[in-house]
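**Q** Chains as they are written, first to last, in this note's numbering: chain A, 1 to 126; chain B, 127 to 371. Cβ atoms here follow ideal geometry from the backbone N, Cα and C, with glycine treated the same way. Pasting a structure here, questions to come.
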């Protein structure tokens, strides 16, 4: 491994970590969503600084080309994060569904109350 | 009978039905005196709400489209809030004949959920090809789950008794085909008794059923998927409902 590629690997990991931490600091990212990106960033930094760890880990799981282990772990993390997002989306959808139902029910109650109180402001039936 | 009608809420999910919903509401109120009619405007962009209100229905407006399942759960929640015992689901496009509603309600004496079945002898509703096979397979599987013979499991014309209403107010699925297939599975597995009675169908006032083979295949696939997941999900129980309410 050349010095250039060593520096490049470390710099890329640092950049990733910087972006994630900065977004956390500005509250553009919540901790529970950032945790996977932090783990990925730290792993990348660790391997960037000490490439021997990668070679050792690859030999432990029987992978000849250590880079393949990098690809495998990267893809695995991306897939897991995508699944987590789909699950979050499902939760959010069922929450907005409940809110939509609540809003419609409250609107009905309001109309009834307004009719009873005789303050029937002619709201446009749009 | 009229005593029972007073305790019944007719729920009609409506999505851009301004052309027909007024006539359907008027027909329901004329045919079934004393009944309360709730039209759930499922995020329509036309004047469905105004037309239905003018015809004499109570109209609940969802802020955006949730699908039949979402609209129906709102109907069940409204029924519980207002103290109605029974809910009848009726399409707002005029396919379902309100004259069949008393028969559906009578059948609630011996079941918690009554399906108005389209192939059980009355009327001349017919489908062909893969869609027919899919419906047959669904009917066979769901008959086994429900422990009774059902021939039409995808009918949107249904009557729900008090037990089913309280179950569905919490657990009515919003997914595609959830309002028919999965709802039946949820009810049957929660211990609700299901039965069906024959009803006649009228042709849709607007639009015609599609015979596109790709759409039929997609329907088939999604129906099996919906059924499969409905069967492997943990069942909802009625007792839990009673405890948590």
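Can you name, in chain order, every residue of its own chain whose Cβ lies under 6 Å from the Cβ of residue 141/B, other than the five neighbours on each side?
**A** If you number the second chain from 1, residue 141/B lands on position 15. Here the set comprises 168 and 170.
**Q** Report buried or exposed for residue 276/B, applying the criterion of at least 16 other Cβ atoms within 10 angstroms of its Cβ.
**A** By 1-based counting over the second chain, the position of residue 276/B is 150. It counts as buried.
**Q** Establish whether the CB of residue 103/A and some CB of chain B are separated by less than 7 Å.
**A** Taking the first residue of the first chain as position 1, residue 103/A is located at position 103. True, the Cβ-Cβ gap to chain B drops below 7 Å.
**Q** Just the chain B side, please: which residues come within less than 8 Å of residue 107/A by C-beta, in chain order?
**A** For this step, residue 107/A is matched to residue 107 along the first chain. Near residue 107/A (Cβ distances below 8 Å), the residues of chain B are 186 and 187.
**Q** Less than 7 Å separating the beta-carbons of residue 201/B and residue 137/B?
**A** What you label residue 201/B is simply residue 75 of the second chain in a count that begins at 1. What you label residue 137/B is simply residue 11 of the second chain in a count that begins at 1. Yes, Cβ-Cβ distance for residue 201/B and residue 137/B is below 7 Å.
**Q** So if DSSP puts residue 377/B in a beta bridge, which residue, or which two residues, is it bridged to?
**A** No answer is possible for residue 377/B: it lies beyond the span of chain B, which begins at 127 and ends at 371.
**Q** State the DSSP-derived secondary structure class of residue 320/B, mapped to helix, strand or coil.
**A** In the second chain, the residue the question calls residue 320/B occupies position 194. Here residue 320/B sits in strand by DSSP.
**Q** Assign residue 89/A to buried or exposed, taking buried as 16 or more other Cβ atoms, counted over all protein chains shown, within 10 Å of its Cβ.
**A** Taking the first residue of the first chain as 1, we reach residue 89/A at position 89. With fewer than 16 other Cβ atoms within 10 Å, it is exposed.
**Q** Three-state secondary structure (DSSP) at residue 118/A?
**A** Position 118 of the first chain, counted from the first residue, corresponds to residue 118/A. Coil.
**Q** Comparing the C-beta of residue 295/B with each C-beta of chain A, is any distance below 7 Å?
**A** Residue 295/B sits at position 169 when you count from the first residue of the second chain. Residue 295/B does not count as touching chain A.
**Q** Residues of chain A with CB closer than 8 Å to the CB of residue 190/B, please, in chain order.
**A** Numbered from its first residue, the second chain carries residue 190/B at position 64. Within 8 Å Cβ-Cβ: 100.
**Q** Could you tell me whether any Cβ in chain B is nearer than 7 Å to the Cβ of residue 125/A?
**A** Walking along the first chain from the start, residue 125/A turns up at place 125. Confidence is the limiting factor: at residue 125/A the pLDDT is only 45, short of 50, which leaves the residue's position unreliable and the question unanswerable from this model.
**Q** If you check the beta carbons only, do residue 328/B and residue 221/B fall under 7 Å apart?
**A** Taking the second chain and counting its residues from 1, the one referred to as residue 328/B is at position 202. Taking the second chain and counting its residues from 1, the one referred to as residue 221/B is at position 95. Yes, Cβ-Cβ distance for residue 328/B and residue 221/B is below 7 Å.
**Q** Within 10 angstroms of the Cβ of residue 361/B, are there 16 or more other Cβ atoms? Answer buried if so, exposed if not.
**A** Taking the second chain and counting its residues from 1, the one referred to as residue 361/B is at position 235. Exposed.
**Q** Just to confirm, is the Cβ distance from residue 283/B to residue 242/B under 7 Å?
**A** Mapped onto the second chain, residue 283/B falls at position 157. Mapped onto the second chain, residue 242/B falls at position 116. Yes, the pair counts as a contact, with Cβ atoms nearer than the cut-off.
**Q** Between which two residues does the alpha helix (DSSP H) holding residue 41/A run?
**A** To locate residue 41/A, count along the first chain from 1; it is residue 41. Here the alpha helix (DSSP H) through residue 41/A covers 31-49.
**Q** Take residue 153/B as the anchor and find which of 225/B, 266/B and 233/B has the nearest alpha-carbon.
**A** Residue mapping note: residue 153/B aligns to position 27 of the second chain, counting from 1. Closest by alpha carbon: 225/B.
**Q** Using CA coordinates, which residue listed in 2/A, 99/A, 4/A and 81/A is at the minimum distance from residue 192/B?
**A** The sequence position of residue 192/B within the second chain is 66, counting from 1. Selected option, being the one with the closest Cα: 99/A.
**Q** Should residue 162/B go down as buried or exposed, given a rule of 16 or more other Cβ atoms within 10 Å for buried?
**A** To locate residue 162/B, count along the second chain from 1; it is residue 36. The residue in question, residue 162/B, is buried, as its Cβ has 16 or more Cβ neighbours within 10 Å.
**Q** For residue 338/B, count neighbouring Cβ atoms within 10 angstroms of its own Cβ and tell me buried if that reaches 16, exposed if not.
**A** On the second chain, position 212 is the one that residue 338/B refers to. Exposed is the call here.
**Q** Mapping DSSP to helix, strand and coil, what is residue 280/B?
**A** Here residue 280/B refers to the residue found at position 154 of the second chain. Residue 280/B sits in coil when the DSSP states are folded into three classes, being neither helix nor strand.
**Q** Quick one: grab the DSSP three-state call for residue 160/B.
**A** Here the question's residue 160/B lines up with position 34 in the second chain. Looking at residue 160/B - three-state DSSP - the assignment turns out to be coil, as it is neither helix nor strand.
**Q** Just the Cα atoms here: how many angstroms apart are residue 237/B and residue 317/B?
**A** Residue 237/B sits at position 111 when you count from the first residue of the second chain. Residue 317/B sits at position 191 when you count from the first residue of the second chain. The straight-line gap from Cα to Cα measures roughly 11 Å.
**Q** Any C-beta of chain B within less than 7 Å: which residues of the segment 14-36 of chain A qualify?
**A** Answer set for the segment 14-36 of chain A: empty.
**Q** Can you give the Cα-Cα distance for residue 133/B and residue 93/A, rounded to whole angstroms?
**A** Here residue 133/B is taken as the residue at index 7 of the second chain, counted from 1. Here residue 93/A is taken as the residue at index 93 of the first chain, counted from 1. Those two C-alpha atoms are separated by around 32 Å.
**Q** Given 8 Å as the limit, is there contact between the segment 65-72 of chain A and the segment 28-38 of chain A, that is, 3 or more CB pairs closer than that?
**A** no
**Q** Using a Cβ-Cβ cutoff of less than 8 Å, which residues in the same chain neighbour residue 203/B once the five nearest sequence positions on both sides are dropped?
**A** By one-based count along the second chain, residue 203/B stands at place 77. Once the five neighbours on either side are set aside, the close Cβ partners of residue 203/B are 295.
**Q** If you reduce the DSSP assignment to three classes, tell me which class residue 52/A lands in.
**A** On the first chain, position 52 is the one that residue 52/A refers to. The answer is helix: DSSP assigns residue 52/A an H, G or I state.
**Q** Can you give me the C-alpha to C-alpha distance between residue 129/B and residue 308/B, rounded to a whole angstrom?
**A** Translated into positions along the second chain, residue 129/B becomes position 3. Translated into positions along the second chain, residue 308/B becomes position 182. So the alpha carbons of these two residues sit roughly 31 Å apart.
**Q** Please confirm if residue 310/B has its CB atom under 7 Å from at least one CB of chain A.
**A** Along the second chain, read from residue 1 onward, the residue named residue 310/B stands at position 184. Cβ-Cβ to chain A under 7 Å: no for residue 310/B.
**Q** Could you tell me which residues DSSP puts in a beta bridge with residue 137/B?
**A** Counting from one through the second chain, the residue named residue 137/B turns up at place 11. According to DSSP, which records beta bridges pairwise, residue 137/B is partnered with 164/B and 215/B.
**Q** Please compile the residues from chain A whose C-beta is within a distance smaller than 7 Å of the C-beta of residue 351/B.
**A** Here residue 351/B refers to the residue found at position 225 of the second chain. What residue 351/B touches in chain A: nothing, since even the nearest Cβ is about 16 Å away.
**Q** Are residue 321/B and residue 265/B touching if we call contact CB-CB under 7 Å?
**A** Position 195 of the second chain, counted from the first residue, corresponds to residue 321/B. Position 139 of the second chain, counted from the first residue, corresponds to residue 265/B. In this structure, residue 265/B does not lie closer than 7 Å to residue 321/B by Cβ.
**Q** So which residues on chain A does residue 300/B lean against when the C-beta distance must stay under 9 Å?
**A** As a working note, residue 300/B is residue 174 in the second chain. Near residue 300/B (Cβ distances below 9 Å), the residues of chain A are 93, 94 and 97.
**Q** For residue 37/A, is the classification buried or exposed, using 16 other Cβ atoms within 10 angstroms of its Cβ as the cut-off for buried?
**A** Locating residue 37/A in the first chain gives position 37, where the first residue counts as 1. Under this definition residue 37/A is a buried residue.
**Q** Per DSSP, what are the beta-bridge partners of residue 222/B in this structure?
**A** The count along the second chain starts at 1 and reaches residue 222/B at position 96. DSSP output for residue 222/B lists 327/B as bridge partner(s).
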